[in-house]
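Asker: Residue numbers (the numbering used here): 37 to 466. All C-beta atoms in this analysis are idealised placements derived from N, C-alpha and C, irrespective of residue type, glycine included. No experiment lies behind these values; they were computed from the predicted model shown.
In structure tokens, the structure reads:
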């Protein structure tokens with residue numbers, strides 16, 4: 037069984053990395069492609085991006101139940117094909133209806149991939165090994181996105197729409213490769229921490245069971261704040277704040293994003309041992325404090341009176357500190373969702389958390405963009421408070437978790453203690 041799990045995990049991780057590699061070819065250029073290359077205008081580009089996000093919000097509530105009923109592999113195969121068709125359609129889109137329809141297919145397909153992959157990782161990993169498994173997935177996905185973006189930047193040419201068709205075609209091929217690689221995986225059962233998951237089913241089951249699970253509800257609230265205060269600001273509020281308040285050049289935004297990715301790639305496995313030996317909620321609380329410092333650096337960049345070089349360095353440091361926090365979260369939050377889920381609802385719990393993430397990514401730019409561009413001081417203060425809120429919510433969540441849920445490495449320790457002391461108690465009883 038261990039060999040089966042190992043072989044399945046290697047294929048899942050490879051497929052996940054390849055799909056991220058394909059996404060990296062197109063994600064940075066979608067707005068420019070629709071607005072300028074296809075000459076459909078900024079308004080249409082905004083609509084296309086909104087449809088991309090809304091499609092995810094529509095399909096995620098249904099995908100979790102499908103994963104639990106049919107299994108993650110069939111759902112992932114369908115999602116991969118839908119995403120591939122959407123990618124090719126986007127590369128051929130020359131009208132508004134075509135671009136909107138392609139965005140709906142692409143958004144729906146890619147949205148379902150993540151919870152399906154997460155469920156597969158849960159089924160193929162032991163409770164104590166999930167921390168490392170999700171850390172590796174996050175590392176490979178960021179590496180794939182970065183490499184794909186770099187190669188895509190060398191191939192793209194705004195004067196030639198055909199170059200974008202090439203990018204979207206490569207993305208489609210990567211989705212199909214994901215389907216082929218993962219489609220051959222033999223899925224084992226889902227091992228769980230003993231006595232840590234809630235009872236199967238529950239009154240009403242489904243959504244009612246999830247909403248009645250206090251720890252999961254608190255984790256979803258915490259997750260919304262996490263994604264809203266960080267990921268939801270990268271390409272909107274923080275970028276607007278940097279250019280408007282800090283005088284950052286647009287090219288420097290690319291350097292800042294590169295610094296973010298570099299820190300994730302370098303720090304991911306360096307922080308892993310630190311994370312594995314500590315309570316998950318304390319790690320998340322520490323991330324809130326790190327991101328508080330990041331927002332203080334951003335405040336200095338835009339509101340301080342130092343030189344432009346110091347402002348630029350502070351702004352890049354903000355993205356780097358966000359990357360450190362992301363590296364600490366990747367082996368922490370996703371495995372916690374899995375350990376909270378009932379055995380028959382792993383897919384629904386993963387999809388619910390993915391839905392929360394998508395909502396945060398939709399609301400974040402809508403709120404942060406205008407604030408970052410015009411309300412510089414209030415923008416920084418608001419997100420400093422949100423970051424401190426992460427620490428508060430993490431500490432509060434810790435009170436709802438069992439010791440094993442909060443620190444899976446403890447699951448192996450009681451057996452050692454029992455093995456040492458049970459004979460003594462039995463001797464005393466005799």
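Put residue 107 into one of helix, strand or coil per three-state DSSP.
Answerer: coil
Asker: How should residue 346 be labelled, buried or exposed, when 16 other C-beta atoms within 10 angstroms of its C-beta is the threshold for buried?
Answerer: Exposed, by the Cβ-count rule.
Asker: Can the beta-carbon of residue 95 be found less than 9 angstroms from the beta-carbon of residue 136?
Answerer: no
Asker: DSSP three-state call for residue 204: helix, strand or coil?
Answerer: helix
Asker: Could you tell me whether the Cβ atoms of residue 320 and residue 433 are closer together than 9 angstroms?
Answerer: yes
Asker: So, helix, strand or coil for residue 315, using DSSP?
Answerer: coil
Asker: If we call anything under 9 angstroms between Cβ atoms a contact, is residue 254 one with residue 404?
Answerer: no
Asker: Taking all protein chains shown into account, do 16 or more other C-beta atoms lie within 10 angstroms of the C-beta of residue 309, making it buried, or fewer, making it exposed?
Answerer: exposed
Asker: For the 8 angstroms Cβ check, are there 3 or more pairs between the region 211–219 and the region 111–122?
Answerer: yes
Asker: If distances are taken between C-alpha atoms only, which option among 429, 116 and 60 comes closest to residue 252?
Answerer: 429
Asker: Please report the Cβ distance between residue 184 and residue 59, rounded to the nearest whole angstrom; I am assuming they are in contact, meaning their Cβ atoms lie under 8 angstroms.
Answerer: 7 angstroms
Asker: For residue 279, name the three-state secondary structure that DSSP assigns.
Answerer: helix
Asker: For residue 297, count neighbouring Cβ atoms within 10 angstroms of its own Cβ and tell me buried if that reaches 16, exposed if not.
Answerer: Looking at its Cβ environment, which holds 16 or more other Cβ atoms inside 10 Å, residue 297 is buried.
Asker: So for residue 160, helix, strand or coil by DSSP?
Answerer: The answer is coil: DSSP assigns residue 160 none of H, G, I, E or B.
Asker: Between the C-alpha atoms of residue 91 and residue 343, what's the straight-line distance to the nearest angstrom?
Answerer: Residue 91 and residue 343: Cα-Cα distance of roughly 44 angstroms.
Asker: State the start and end residues of the unbroken alpha helix (DSSP H) segment that holds residue 426.
Answerer: 412–434
Asker: Taking only the alpha-carbon atoms, compute the straight-line gap between residue 305 and residue 402 and give it to the nearest angstrom.
Answerer: 34 angstroms
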